[in-house]
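Notes follow once the structure below has been shown.
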Amino acid sequence: MAKIAEMGFTVSTLVDMKEEELDDMMNSLSHLFRWELLVGERYGIKAAVRAERRRLEEIEESRRYRHHHLMNFSAATTPPDSSQHPLDALSQEGVQDKEVIGTGGEGEGGGKWET
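Going by our numbering, the letters in the sequence shown line up with residues -4 to 110, in that order.
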């Protein structure tokens, strides 16, 4: 693997190669440096490249999935209405609590808190 990196092959380069191109690259390096890659080493290099491809594909698929669902969600929602905005609802709760406190705890609900 060190020789492959020394020759300028990056992970990105290897991932973009076809299986035949990987074989050709490994054969060329074997002839240039006069070293034999064992079958297990060749398999290991190919397995690592395939694993990296799968990892990158999963990341891309996840990104597309999130993007697709965000687009569907934003298309399905209506423009925010002040009565439906969660922060507005919280601020209105504060106003209602003050009104209840100001009336001695006997608001419009007959003085009982509903849970």
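For every residue, glycine included, the Cβ atom is placed at its ideal position computed from N, Cα and C. Bear in mind that the values here come from a model prediction, so they are computed numbers and not experimental data.
C-beta contact flag for residue i and residue j at 8 Å
i	j	result
GLU31	SER23	no
LEU17	VAL44	yes
ARG37	MET21	yes
Terminal residues of the alpha helix (DSSP H) in which residue i lies
i	result
MET20	14 to 28
GLU31	Segment: none, GLU31 is in no alpha helix (DSSP H) and carries neither H nor E.
THR8	6 to 11
Exposure of residue i, with buried meaning 16 or more beta-carbon neighbours within 10 Å
i	result
LEU9	buried
SER77	Low local confidence applies: a pLDDT of 49 at SER77 is under 50, so the model's placement there is unreliable, with the coordinate-based value given in what follows. The residue in question, SER77, is exposed, as its Cβ has fewer than 16 Cβ neighbours within 10 Å.
ALA0	exposed
LYS13	exposed
CB-CB length for residue i against residue j, believed under 8 Å
i	j	result
GLU56	VAL6	Not really, about 19 Å apart at Cβ, beyond 8 Å.
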